[in-house]
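Peer 1: Start counting the sequence shown at 20; every next residue gets the next number (this note's numbering).
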Amino acid sequence: MAQLDPASILGPGGAVARRLPAYELRSQQLEMAQAVARAIGRPGHLIVEAGTGVGKSFAYLVPSILAAVEQKKKIVISTHTIALQEQLLRKDLPFLRSVMPQEFSAVLVKGRSNYISLRRLDVAGARATGTFQQQEEFDQLGEIKLWANRTTDGSRSDLDFRPLPGVWDAVQSENGNCLGRDCPRNKACFYFQARRRVWSANLLIVNHALFVTDLALRAAGFGMLPKYDVAIFDEAHMLEAVAGEHMGLQVSNIGVDITLARLYNDRSGKGLLSFHRLQQAMDQVQNARMAADDFFEQVAEWNLRHGQNFNGRVRRPVDWPDTLCEELHKLATAIGEGSAKVENPEHRIELTAAQGRCSALADQIASWTGQSAADQVYWVELEERARPRIRLASAPLDVGPSLRKLLFDKVPTCVLTSATLCVGSPPRFDFLKSRLGLTAAETCALGSPFDYPRQVTLHLPRNLPDPSDQPHAFEAAAISAIAHYLERTGGKAFV
20 MAQLDPASIL
30 GPGGAVARRL
40 PAYELRSQQL
50 EMAQAVARAI
60 GRPGHLIVEA
70 GTGVGKSFAY
80 LVPSILAAVE
90 QKKKIVISTH
100 TIALQEQLLR
110 KDLPFLRSVM
120 PQEFSAVLVK
130 GRSNYISLRR
140 LDVAGARATG
150 TFQQQEEFDQ
160 LGEIKLWANR
170 TTDGSRSDLD
180 FRPLPGVWDA
190 VQSENGNCLG
200 RDCPRNKACF
210 YFQARRRVWS
220 ANLLIVNHAL
230 FVTDLALRAA
240 GFGMLPKYDV
250 AIFDEAHMLE
260 AVAGEHMGLQ
270 VSNIGVDITL
280 ARLYNDRSGK
290 GLLSFHRLQQ
300 AMDQVQNARM
310 AADDFFEQVA
320 EWNLRHGQNF
330 NGRVRRPVDW
340 PDTLCEELHK
350 LATAIGEGSA
360 KVENPEHRIE
370 LTAAQGRCSA
380 LADQIASWTG
390 QSAADQVYWV
400 ELEERARPRI
410 RLASAPLDVG
420 PSLRKLLFDK
430 VPTCVLTSAT
440 LCVGSPPRFD
450 FLKSRLGLTA
460 AETCALGSPF
470 DYPRQVTLHL
480 PRNLPDPSDQ
490 PHAFEAAAIS
500 AIAHYLERTG
510 GKAFV
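1) Could you pull out every unbroken alpha helix (DSSP H) segment of at least 4 residues lying fully inside the region 260 to 318, listed in chain order?
2) Could you say if the region 237 to 251 and the region 340 to 357 meet the contact criterion of at least three C-beta pairs nearer than 8 Å?
3) On the criterion of 16 or more Cβ atoms from any shown chain inside 10 Å, does residue 134 qualify as buried, or is it exposed?
4) Is the beta carbon of residue 23 sitting closer than 9 Å to the one on residue 56?
5) With distances taken Cα to Cα, identify the nearest neighbour of residue 30 among 257, 44 and 201.
6) Starting from residue 397, trace the beta strand (DSSP E) in both directions and tell me its first and last residue.
7) Can you find at least 3 beta carbon pairs, one from the region 86 to 104 and one from the region 452 to 465, that sit closer than 8 Å?
8) Using CA atoms only, rank isn't needed, just tell me which of 201, 392, 127 and 112 is closest to residue 364.
9) Hey, could you find the ends of the alpha helix (DSSP H) residue 437 is sitting in?
10) When we look at the beta-carbon of residue 498 and count the other beta-carbons within 10 Å, is it buried (16 or more) or exposed?
11) With distance defined between alpha-carbon atoms, name the residue in 265, 331, 221 and 378 nearest to residue 307.
12) Under 8 Å: do the region 430 to 447 and the region 243 to 253 share three or more Cβ pairs, one atom per stretch?
13) So is residue 442 buried or exposed if we call it buried at 16+ other beta carbons inside 10 Å?
14) If you draw a straight line from the alpha carbon of residue 253 to that of residue 390, how long is it in whole angstroms?
15) What does DSSP give as the partner residue(s) for residue 88 in the beta ladder?
16) If we ignore side chains and look at the alpha-carbon of each, how far apart do residue 166 and residue 111 end up?
17) Would the region 32 to 42 and the region 86 to 95 be scored as touching if the rule is three or more Cβ pairs under 8 Å?
18) Following the continuous alpha helix (DSSP H) through residue 232, name the residue where it begins and the one where it ends.
19) Using DSSP with H/G/I as helix, E/B as strand and the rest coil, what is residue 461?
20) Check whether the region 52 to 67 touches the region 459 to 466, taking contact to mean three or more Cβ pairs, one atom from each stretch, closer than 8 Å.
21) Going along the chain, which residues of its own chain have a beta-carbon closer than 7 Å to the beta-carbon of residue 385, five neighbours each way excluded?
22) So, for residue 505: in the same chain, excluding its five sequence neighbours on each side, which residues have a beta-carbon less than 6 Å away from its beta-carbon?
23) By Cβ distance below 6 Å, which residues in the same chain neighbour residue 75 in space, the five residues on each side in sequence not counted?
24) Ignoring anything shorter than 4 residues, give me the alpha helix (DSSP H) runs that lie fully in the region 38 to 98, in order along the chain.
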(Lines of atoms letter the chains of each structure in order from A and count residues from 1; the text may use other names and numbers.)
(Lines give C-alpha, C1' and ligand atoms only; values in the text may rest on other atoms or scores of the structure.)
Protein backbone atom coordinates (compact mmCIF):
# COMPACT_ATOMS: atom_id res chain seq x y z
CA MET A 1 0.00 0.00 0.00
CA ALA A 2 1.41 3.40 -1.04
CA GLN A 3 2.43 5.73 1.76
CA LEU A 4 0.37 8.82 2.42
CA ASP A 5 2.19 12.06 1.58
CA PRO A 6 0.84 15.04 3.56
CA ALA A 7 3.92 17.07 2.58
CA SER A 8 2.44 17.46 -0.91
CA ILE A 9 -0.31 19.51 0.72
CA LEU A 10 1.29 21.06 3.81
CA GLY A 11 5.00 21.12 2.93
CA PRO A 12 7.11 23.78 1.21
CA GLY A 13 5.66 24.38 -2.23
CA GLY A 14 2.64 22.24 -1.35
CA ALA A 15 -0.97 22.91 -2.29
CA VAL A 16 -1.61 25.15 0.73
CA ALA A 17 1.56 27.21 0.17
CA ARG A 18 0.66 27.71 -3.49
CA ARG A 19 -2.80 28.99 -2.54
CA LEU A 20 -1.64 31.35 0.25
CA PRO A 21 1.13 33.76 -0.81
CA ALA A 22 1.91 34.73 2.81
CA TYR A 23 1.94 31.11 3.99
CA GLU A 24 4.60 30.29 6.58
CA LEU A 25 5.64 26.67 6.98
CA ARG A 26 4.99 25.30 10.47
CA SER A 27 7.40 22.42 10.95
CA GLN A 28 5.39 21.11 13.91
CA GLN A 29 2.27 20.87 11.75
CA LEU A 30 4.03 18.87 9.06
CA GLU A 31 5.66 16.62 11.68
CA MET A 32 2.26 15.91 13.22
CA ALA A 33 0.66 15.26 9.82
CA GLN A 34 3.38 12.76 8.95
CA ALA A 35 2.97 11.03 12.33
CA VAL A 36 -0.78 10.73 11.73
CA ALA A 37 -0.13 9.37 8.23
CA ARG A 38 2.23 6.73 9.64
CA ALA A 39 -0.30 5.72 12.32
CA ILE A 40 -2.98 5.25 9.67
CA GLY A 41 -0.62 3.34 7.38
CA ARG A 42 0.83 0.95 10.01
CA PRO A 43 -1.90 0.85 11.45
CA GLY A 44 -1.53 1.81 15.12
CA HIS A 45 -2.49 4.32 17.78
CA LEU A 46 -0.96 7.76 18.27
CA ILE A 47 -1.09 10.45 20.98
CA VAL A 48 0.01 13.96 20.01
CA GLU A 49 0.27 16.98 22.27
CA ALA A 50 0.52 20.00 20.00
CA GLY A 51 0.83 23.52 21.36
CA THR A 52 -1.21 26.54 20.38
CA GLY A 53 -0.62 27.61 16.79
CA VAL A 54 0.54 24.26 15.43
CA GLY A 55 -2.55 23.92 13.26
CA LYS A 56 -3.71 20.56 14.59
CA SER A 57 -6.84 20.37 12.48
CA PHE A 58 -4.99 20.51 9.14
CA ALA A 59 -2.38 18.11 10.55
CA TYR A 60 -4.98 15.36 11.02
CA LEU A 61 -7.45 16.37 8.29
CA VAL A 62 -4.97 16.17 5.41
CA PRO A 63 -3.75 12.60 6.08
CA SER A 64 -7.33 11.59 6.89
CA ILE A 65 -8.56 12.86 3.53
CA LEU A 66 -5.67 11.16 1.73
CA ALA A 67 -6.40 7.87 3.51
CA ALA A 68 -10.12 8.10 2.81
CA VAL A 69 -9.64 8.75 -0.90
CA GLU A 70 -6.51 6.76 -1.72
CA GLN A 71 -6.98 3.83 0.66
CA LYS A 72 -10.80 3.84 0.95
CA LYS A 73 -10.68 4.12 4.73
CA LYS A 74 -13.63 5.35 6.77
CA ILE A 75 -12.58 8.16 9.11
CA VAL A 76 -14.36 9.44 12.22
CA ILE A 77 -13.27 12.76 13.72
CA SER A 78 -14.58 13.49 17.20
CA THR A 79 -14.50 16.85 19.01
CA HIS A 80 -15.75 18.00 22.39
CA THR A 81 -17.11 21.43 21.46
CA ILE A 82 -19.57 22.66 18.86
CA ALA A 83 -17.19 25.54 18.10
CA LEU A 84 -14.50 23.17 16.83
CA GLN A 85 -17.04 21.19 14.80
CA GLU A 86 -18.15 24.41 13.13
CA GLN A 87 -14.54 25.38 12.44
CA LEU A 88 -13.92 22.03 10.74
CA LEU A 89 -17.11 22.08 8.69
CA ARG A 90 -17.33 25.75 7.77
CA LYS A 91 -13.69 26.75 7.45
CA ASP A 92 -11.05 24.02 7.41
CA LEU A 93 -12.71 21.37 5.25
CA PRO A 94 -14.04 23.82 2.62
CA PHE A 95 -10.54 25.32 2.31
CA LEU A 96 -8.89 21.91 1.93
CA ARG A 97 -11.55 20.92 -0.59
CA SER A 98 -10.55 23.96 -2.65
CA VAL A 99 -6.80 23.22 -2.66
CA MET A 100 -6.54 19.42 -2.60
CA PRO A 101 -6.91 17.53 -5.88
CA GLN A 102 -8.70 14.70 -4.09
CA GLU A 103 -12.49 14.84 -4.00
CA PHE A 104 -13.98 13.90 -0.65
CA SER A 105 -17.18 14.19 1.36
CA ALA A 106 -17.60 15.04 5.03
CA VAL A 107 -20.79 15.12 7.09
CA LEU A 108 -21.74 16.09 10.61
CA VAL A 109 -23.33 13.17 12.45
CA LYS A 110 -26.12 14.05 14.86
CA GLY A 111 -28.02 11.87 17.29
CA ARG A 112 -31.39 10.60 16.12
CA SER A 113 -33.37 12.75 18.56
CA ASN A 114 -32.05 15.85 16.75
CA TYR A 115 -34.25 15.03 13.75
CA ILE A 116 -37.95 15.56 13.35
CA SER A 117 -40.20 12.61 12.55
CA LEU A 118 -42.76 13.70 9.98
CA ARG A 119 -45.07 10.87 11.01
CA ARG A 120 -44.87 11.85 14.68
CA LEU A 121 -45.47 15.47 13.66
CA ASP A 122 -48.69 14.37 11.96
CA VAL A 123 -49.71 12.36 15.02
CA ALA A 124 -48.86 15.23 17.37
CA GLY A 125 -51.04 17.55 15.33
CA ALA A 126 -53.94 15.09 15.43
CA ARG A 127 -53.87 14.81 19.23
CA ALA A 128 -52.53 18.26 20.15
CA THR A 129 -55.58 19.26 22.17
CA GLY A 130 -55.23 16.11 24.25
CA THR A 131 -51.50 16.59 24.77
CA PHE A 132 -50.54 20.23 25.14
CA GLN A 133 -51.70 22.73 27.74
CA GLN A 134 -49.98 26.05 27.04
CA GLN A 135 -50.73 28.31 24.11
CA GLU A 136 -47.00 28.55 23.44
CA GLU A 137 -46.91 24.79 22.86
CA PHE A 138 -49.68 25.00 20.25
CA ASP A 139 -47.95 27.98 18.60
CA GLN A 140 -44.61 26.17 18.44
CA LEU A 141 -46.19 23.05 16.99
CA GLY A 142 -47.68 25.23 14.24
CA GLU A 143 -44.30 26.84 13.56
CA ILE A 144 -42.63 23.42 13.38
CA LYS A 145 -45.23 22.25 10.84
CA LEU A 146 -44.43 25.23 8.60
CA TRP A 147 -40.70 24.70 9.05
CA ALA A 148 -40.96 20.98 8.24
CA ASN A 149 -42.32 21.87 4.79
CA ARG A 150 -39.35 24.04 3.88
CA THR A 151 -36.33 22.59 5.71
CA THR A 152 -33.91 20.43 3.78
CA ASP A 153 -32.09 19.33 6.93
CA GLY A 154 -34.89 18.40 9.32
CA SER A 155 -32.72 18.79 12.42
CA ARG A 156 -33.48 20.91 15.46
CA SER A 157 -30.47 23.16 14.87
CA ASP A 158 -32.10 24.32 11.62
CA LEU A 159 -35.03 25.81 13.57
CA ASP A 160 -34.84 29.55 14.23
CA PHE A 161 -36.14 29.10 17.79
CA ARG A 162 -35.54 26.67 20.63
CA PRO A 163 -38.61 24.43 20.99
CA LEU A 164 -40.02 23.64 24.40
CA PRO A 165 -38.88 20.18 25.59
CA GLY A 166 -42.41 18.77 25.60
CA VAL A 167 -43.07 19.94 22.05
CA TRP A 168 -39.87 18.53 20.58
CA ASP A 169 -40.30 15.30 22.55
CA ALA A 170 -43.64 14.82 20.78
CA VAL A 171 -42.19 15.15 17.27
CA GLN A 172 -38.58 13.94 17.45
CA SER A 173 -37.37 10.80 15.72
CA GLU A 174 -36.94 7.86 18.11
CA ASN A 175 -35.52 4.40 17.61
CA GLY A 176 -38.30 2.65 19.54
CA ASN A 177 -40.99 4.78 17.92
CA CYS A 178 -40.30 4.16 14.25
CA LEU A 179 -42.29 2.15 11.69
CA GLY A 180 -39.31 1.87 9.35
CA ARG A 181 -40.29 0.88 5.82
CA ASP A 182 -43.94 0.69 6.89
CA CYS A 183 -43.97 4.40 7.78
CA PRO A 184 -46.16 6.44 5.41
CA ARG A 185 -43.50 9.20 5.45
CA ASN A 186 -40.55 6.84 4.99
CA LYS A 187 -39.32 8.25 1.68
CA ALA A 188 -39.26 11.80 3.08
CA CYS A 189 -37.69 10.81 6.43
CA PHE A 190 -34.98 13.30 7.38
CA TYR A 191 -33.24 10.88 9.74
CA PHE A 192 -32.85 8.11 7.15
CA GLN A 193 -31.74 10.63 4.52
CA ALA A 194 -29.04 11.78 6.95
CA ARG A 195 -28.15 8.17 7.71
CA ARG A 196 -27.59 7.44 4.02
CA ARG A 197 -25.27 10.46 3.78
CA VAL A 198 -23.35 9.18 6.81
CA TRP A 199 -22.90 5.74 5.26
CA SER A 200 -21.54 7.16 2.00
CA ALA A 201 -19.30 9.95 3.37
CA ASN A 202 -15.51 9.70 3.63
CA LEU A 203 -15.20 11.68 6.86
CA LEU A 204 -17.68 11.71 9.73
CA ILE A 205 -17.61 14.61 12.21
CA VAL A 206 -19.10 13.73 15.61
CA ASN A 207 -18.85 14.89 19.21
CA HIS A 208 -17.34 12.86 22.03
CA ALA A 209 -20.75 12.26 23.63
CA LEU A 210 -22.23 10.70 20.49
CA PHE A 211 -19.06 8.68 19.89
CA VAL A 212 -19.06 7.18 23.40
CA THR A 213 -22.80 6.51 23.21
CA ASP A 214 -22.20 4.63 19.97
CA LEU A 215 -19.50 2.54 21.68
CA ALA A 216 -21.97 1.53 24.39
CA LEU A 217 -24.62 0.66 21.78
CA ARG A 218 -22.12 -1.45 19.83
CA ALA A 219 -21.43 -3.45 22.97
CA ALA A 220 -25.15 -4.27 23.01
CA GLY A 221 -25.18 -5.24 19.34
CA PHE A 222 -26.43 -1.94 17.91
CA GLY A 223 -24.73 1.26 16.80
CA MET A 224 -25.31 4.64 15.16
CA LEU A 225 -22.11 4.84 13.14
CA PRO A 226 -20.98 2.64 10.25
CA LYS A 227 -17.83 0.58 10.67
CA TYR A 228 -14.77 2.84 10.59
CA ASP A 229 -11.02 2.31 10.24
CA VAL A 230 -9.68 5.44 11.93
CA ALA A 231 -10.93 7.45 14.91
CA ILE A 232 -9.36 10.84 15.58
CA PHE A 233 -10.09 12.68 18.82
CA ASP A 234 -9.38 16.39 18.94
CA GLU A 235 -9.81 18.00 22.37
CA ALA A 236 -8.86 14.54 23.63
CA HIS A 237 -8.21 15.86 27.14
CA MET A 238 -12.02 15.70 27.62
CA LEU A 239 -12.47 12.12 26.43
CA GLU A 240 -12.17 10.48 29.86
CA ALA A 241 -14.74 12.80 31.47
CA VAL A 242 -17.25 12.35 28.65
CA ALA A 243 -16.78 8.58 28.66
CA GLY A 244 -17.39 8.44 32.42
CA GLU A 245 -20.57 10.47 32.10
CA HIS A 246 -22.03 8.42 29.25
CA MET A 247 -21.02 4.99 30.54
CA GLY A 248 -22.90 5.54 33.78
CA LEU A 249 -26.52 6.39 34.52
CA GLN A 250 -28.51 9.39 35.70
CA VAL A 251 -32.07 9.45 37.05
CA SER A 252 -33.75 12.46 38.67
CA ASN A 253 -37.07 13.11 40.35
CA ILE A 254 -37.74 15.81 37.75
CA GLY A 255 -37.12 13.36 34.91
CA VAL A 256 -39.49 10.78 36.43
CA ASP A 257 -42.17 13.46 36.87
CA ILE A 258 -41.84 14.61 33.27
CA THR A 259 -42.11 11.04 31.97
CA LEU A 260 -45.27 10.40 33.98
CA ALA A 261 -46.85 13.79 33.17
CA ARG A 262 -46.48 13.21 29.44
CA LEU A 263 -48.34 9.95 29.86
CA TYR A 264 -51.12 11.44 31.98
CA ASN A 265 -51.48 14.77 33.76
CA ASP A 266 -54.19 14.41 36.40
CA ARG A 267 -54.66 18.18 36.70
CA SER A 268 -55.34 18.85 33.03
CA GLY A 269 -56.61 15.38 32.14
CA LYS A 270 -54.23 15.39 29.15
CA GLY A 271 -51.53 13.03 27.98
CA LEU A 272 -50.86 10.08 25.70
CA LEU A 273 -52.88 7.65 27.80
CA SER A 274 -55.80 10.04 28.13
CA PHE A 275 -55.92 10.45 24.35
CA HIS A 276 -56.28 6.68 23.99
CA ARG A 277 -58.62 6.44 27.03
CA LEU A 278 -56.52 3.77 28.72
CA GLN A 279 -58.06 4.15 32.17
CA GLN A 280 -56.17 1.28 33.81
CA ALA A 281 -52.85 2.73 32.70
CA MET A 282 -53.93 6.23 33.78
CA ASP A 283 -54.71 4.92 37.26
CA GLN A 284 -51.32 3.22 37.34
CA VAL A 285 -49.62 6.54 36.51
CA GLN A 286 -51.08 7.88 39.75
CA ASN A 287 -49.70 4.91 41.67
CA ALA A 288 -46.27 5.40 40.10
CA ARG A 289 -46.35 9.12 40.87
CA MET A 290 -47.05 8.49 44.56
CA ALA A 291 -44.32 5.85 44.69
CA ALA A 292 -41.89 8.31 43.08
CA ASP A 293 -42.71 10.99 45.66
CA ASP A 294 -42.11 8.51 48.50
CA PHE A 295 -38.91 7.18 46.96
CA PHE A 296 -37.23 10.52 46.36
CA GLU A 297 -38.37 11.82 49.75
CA GLN A 298 -36.48 8.90 51.29
CA VAL A 299 -33.43 9.79 49.21
CA ALA A 300 -33.56 13.40 50.43
CA GLU A 301 -33.98 12.34 54.07
CA TRP A 302 -31.10 9.88 53.79
CA ASN A 303 -28.96 12.61 52.28
CA LEU A 304 -29.88 14.98 55.14
CA ARG A 305 -29.03 12.43 57.83
CA HIS A 306 -25.44 12.26 56.63
CA GLY A 307 -24.90 15.94 57.45
CA GLN A 308 -23.16 18.80 55.68
CA ASN A 309 -19.86 16.97 55.19
CA PHE A 310 -21.49 14.20 53.15
CA ASN A 311 -20.10 14.14 49.60
CA GLY A 312 -23.08 12.29 48.18
CA ARG A 313 -21.37 8.95 47.57
CA VAL A 314 -23.39 5.81 48.30
CA ARG A 315 -20.96 3.01 49.16
CA ARG A 316 -23.34 0.06 49.50
CA PRO A 317 -26.77 -0.99 48.18
CA VAL A 318 -29.48 1.08 49.85
CA ASP A 319 -32.13 -0.48 52.07
CA TRP A 320 -34.90 2.03 51.41
CA PRO A 321 -38.34 0.51 50.82
CA ASP A 322 -38.62 0.83 47.04
CA THR A 323 -42.00 0.40 45.41
CA LEU A 324 -41.18 2.75 42.53
CA CYS A 325 -39.59 0.11 40.30
CA GLU A 326 -42.53 -2.23 40.88
CA GLU A 327 -45.06 0.49 40.05
CA LEU A 328 -43.18 1.50 36.91
CA HIS A 329 -43.13 -2.10 35.70
CA LYS A 330 -46.86 -2.35 36.42
CA LEU A 331 -47.36 0.83 34.41
CA ALA A 332 -45.37 -0.61 31.51
CA THR A 333 -47.53 -3.74 31.61
CA ALA A 334 -50.75 -1.70 31.65
CA ILE A 335 -49.58 0.37 28.68
CA GLY A 336 -48.64 -2.79 26.80
CA GLU A 337 -52.06 -4.32 27.42
CA GLY A 338 -53.73 -1.11 26.28
CA SER A 339 -51.62 -0.79 23.15
CA ALA A 340 -52.64 -4.30 22.06
CA LYS A 341 -56.18 -2.99 21.68
CA VAL A 342 -55.18 -0.03 19.48
CA GLU A 343 -55.61 -0.87 15.80
CA ASN A 344 -53.83 2.11 14.23
CA PRO A 345 -50.13 1.10 13.95
CA GLU A 346 -48.97 4.74 14.15
CA HIS A 347 -50.76 5.17 17.48
CA ARG A 348 -49.83 1.72 18.74
CA ILE A 349 -46.09 2.30 18.29
CA GLU A 350 -46.33 5.52 20.35
CA LEU A 351 -47.68 3.43 23.21
CA THR A 352 -45.07 0.71 22.69
CA ALA A 353 -42.33 3.33 22.93
CA ALA A 354 -43.85 4.71 26.14
CA GLN A 355 -43.97 1.19 27.56
CA GLY A 356 -40.27 0.79 26.80
CA ARG A 357 -39.40 4.09 28.48
CA CYS A 358 -41.16 3.05 31.69
CA SER A 359 -39.40 -0.32 31.77
CA ALA A 360 -36.01 1.28 31.09
CA LEU A 361 -36.57 3.83 33.85
CA ALA A 362 -37.43 1.07 36.33
CA ASP A 363 -34.34 -0.89 35.32
CA GLN A 364 -32.10 2.16 35.80
CA ILE A 365 -33.44 2.83 39.30
CA ALA A 366 -33.10 -0.85 40.24
CA SER A 367 -29.52 -0.87 38.95
CA TRP A 368 -28.70 2.18 41.06
CA THR A 369 -30.33 1.01 44.30
CA GLY A 370 -28.85 -2.48 43.97
CA GLN A 371 -25.43 -1.21 42.84
CA SER A 372 -25.37 -4.11 40.41
CA ALA A 373 -22.16 -3.02 38.62
CA ALA A 374 -19.10 -3.57 40.81
CA ASP A 375 -16.88 -1.24 38.77
CA GLN A 376 -19.17 1.78 39.19
CA VAL A 377 -19.24 4.53 41.81
CA TYR A 378 -22.71 5.65 42.92
CA TRP A 379 -23.77 8.98 44.36
CA VAL A 380 -26.66 11.35 45.11
CA GLU A 381 -26.87 15.00 44.08
CA LEU A 382 -29.32 17.33 45.81
CA GLU A 383 -29.92 20.79 44.35
CA GLU A 384 -31.95 23.12 46.54
CA ARG A 385 -34.68 24.92 44.63
CA ALA A 386 -38.30 25.85 45.25
CA ARG A 387 -38.73 22.17 44.51
CA PRO A 388 -35.50 20.25 45.24
CA ARG A 389 -33.89 18.43 42.33
CA ILE A 390 -32.68 15.00 43.41
CA ARG A 391 -30.42 13.09 41.06
CA LEU A 392 -29.16 9.53 41.31
CA ALA A 393 -25.99 8.97 39.32
CA SER A 394 -23.26 6.45 38.67
CA ALA A 395 -20.08 6.36 36.61
CA PRO A 396 -17.24 3.89 36.07
CA LEU A 397 -14.41 4.08 38.56
CA ASP A 398 -12.08 3.61 35.61
CA VAL A 399 -13.13 4.06 31.98
CA GLY A 400 -9.84 2.60 30.74
CA PRO A 401 -10.89 -1.07 30.57
CA SER A 402 -14.09 -0.22 28.69
CA LEU A 403 -12.35 2.08 26.21
CA ARG A 404 -9.63 -0.51 25.63
CA LYS A 405 -12.17 -3.29 25.03
CA LEU A 406 -14.67 -1.32 22.95
CA LEU A 407 -12.36 1.08 21.12
CA PHE A 408 -8.60 0.60 21.16
CA ASP A 409 -8.68 -3.20 20.73
CA LYS A 410 -11.15 -2.98 17.83
CA VAL A 411 -10.34 0.13 15.79
CA PRO A 412 -7.07 -0.17 13.81
CA THR A 413 -6.01 3.46 14.27
CA CYS A 414 -6.91 5.93 17.01
CA VAL A 415 -5.29 9.37 17.14
CA LEU A 416 -5.67 11.53 20.25
CA THR A 417 -4.60 15.16 20.16
CA SER A 418 -4.90 18.29 22.27
CA ALA A 419 -2.76 21.13 23.52
CA THR A 420 -2.77 19.63 27.04
CA LEU A 421 -2.16 15.88 27.32
CA CYS A 422 1.24 15.55 29.01
CA VAL A 423 2.14 15.87 32.67
CA GLY A 424 5.50 16.40 34.33
CA SER A 425 8.86 17.57 33.11
CA PRO A 426 10.05 16.18 30.83
CA PRO A 427 6.50 15.76 29.48
CA ARG A 428 5.11 12.25 29.79
CA PHE A 429 1.90 10.62 28.57
CA ASP A 430 1.83 7.80 31.13
CA PHE A 431 -1.04 9.20 33.19
CA LEU A 432 -3.28 9.77 30.17
CA LYS A 433 -2.50 6.32 28.76
CA SER A 434 -3.33 4.61 32.04
CA ARG A 435 -6.59 6.53 32.50
CA LEU A 436 -7.79 5.76 28.98
CA GLY A 437 -6.54 2.18 28.77
CA LEU A 438 -4.34 3.05 25.80
CA THR A 439 -1.20 1.16 26.70
CA ALA A 440 0.22 0.60 23.20
CA ALA A 441 0.53 3.93 21.40
CA GLU A 442 3.19 6.07 19.79
CA THR A 443 3.53 9.50 21.42
CA CYS A 444 4.64 12.87 20.18
CA ALA A 445 4.94 16.20 22.03
CA LEU A 446 5.19 19.25 19.79
CA GLY A 447 5.78 22.75 21.07
CA SER A 448 4.07 25.88 19.83
CA PRO A 449 5.55 27.71 16.82
CA PHE A 450 4.93 30.97 18.67
CA ASP A 451 7.97 32.68 20.20
CA TYR A 452 6.25 33.51 23.46
CA PRO A 453 9.10 35.57 25.05
CA ARG A 454 9.25 37.84 21.98
CA GLN A 455 5.64 37.75 20.78
CA VAL A 456 3.54 37.59 23.92
CA THR A 457 3.07 39.82 26.95
CA LEU A 458 0.95 38.55 29.83
CA HIS A 459 -1.08 41.24 31.60
CA LEU A 460 -2.73 40.49 34.95
CA PRO A 461 -4.52 43.65 36.17
CA ARG A 462 -4.28 44.18 39.90
CA ASN A 463 -6.83 45.52 42.36
CA LEU A 464 -9.92 44.34 40.48
CA PRO A 465 -12.99 43.83 42.71
CA ASP A 466 -13.64 40.27 43.91
CA PRO A 467 -16.08 38.76 41.35
CA SER A 468 -17.71 36.54 43.98
CA ASP A 469 -18.46 39.48 46.31
CA GLN A 470 -18.91 42.31 43.81
CA PRO A 471 -19.86 40.76 40.46
CA HIS A 472 -21.21 43.96 38.87
CA ALA A 473 -18.23 46.05 39.99
CA PHE A 474 -15.86 43.35 38.75
CA GLU A 475 -17.59 43.23 35.37
CA ALA A 476 -17.33 47.00 34.91
CA ALA A 477 -13.67 47.10 35.99
CA ALA A 478 -12.78 44.09 33.82
CA ILE A 479 -14.41 45.62 30.74
CA SER A 480 -12.45 48.83 31.31
CA ALA A 481 -9.17 46.94 31.71
CA ILE A 482 -9.83 44.79 28.64
CA ALA A 483 -10.59 47.86 26.52
CA HIS A 484 -7.33 49.46 27.67
CA TYR A 485 -5.19 46.49 26.63
CA LEU A 486 -7.07 45.95 23.37
CA GLU A 487 -6.21 49.52 22.43
CA ARG A 488 -2.55 49.01 23.37
CA THR A 489 -2.28 45.82 21.29
CA GLY A 490 -4.34 47.01 18.36
CA GLY A 491 -6.80 44.21 18.95
CA LYS A 492 -4.18 41.47 19.02
CA ALA A 493 -5.15 40.09 22.41
CA PHE A 494 -6.43 36.87 23.90
CA VAL A 495 -8.82 37.54 26.79
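Each residue gets a CB set at the ideal place from its N, CA and C atoms; glycine is no exception.
Peer 2: Let me spell this out:
1) 272 to 282 and 291 to 294
2) no
3) buried
4) yes
5) 44
6) 395 to 402
7) no
8) 201
9) That residue, residue 437, is in no alpha helix (DSSP H); its beta strand (DSSP E) goes 432 to 437.
10) exposed
11) 378
12) yes
13) exposed
14) 34 Å
15) Answer is none; residue 88 lacks a bridge partner.
16) 30 Å
17) no
18) 227 to 238
19) strand
20) yes
21) 344
22) 512
23) 69 and 436
24) 46 to 60 and 75 to 89
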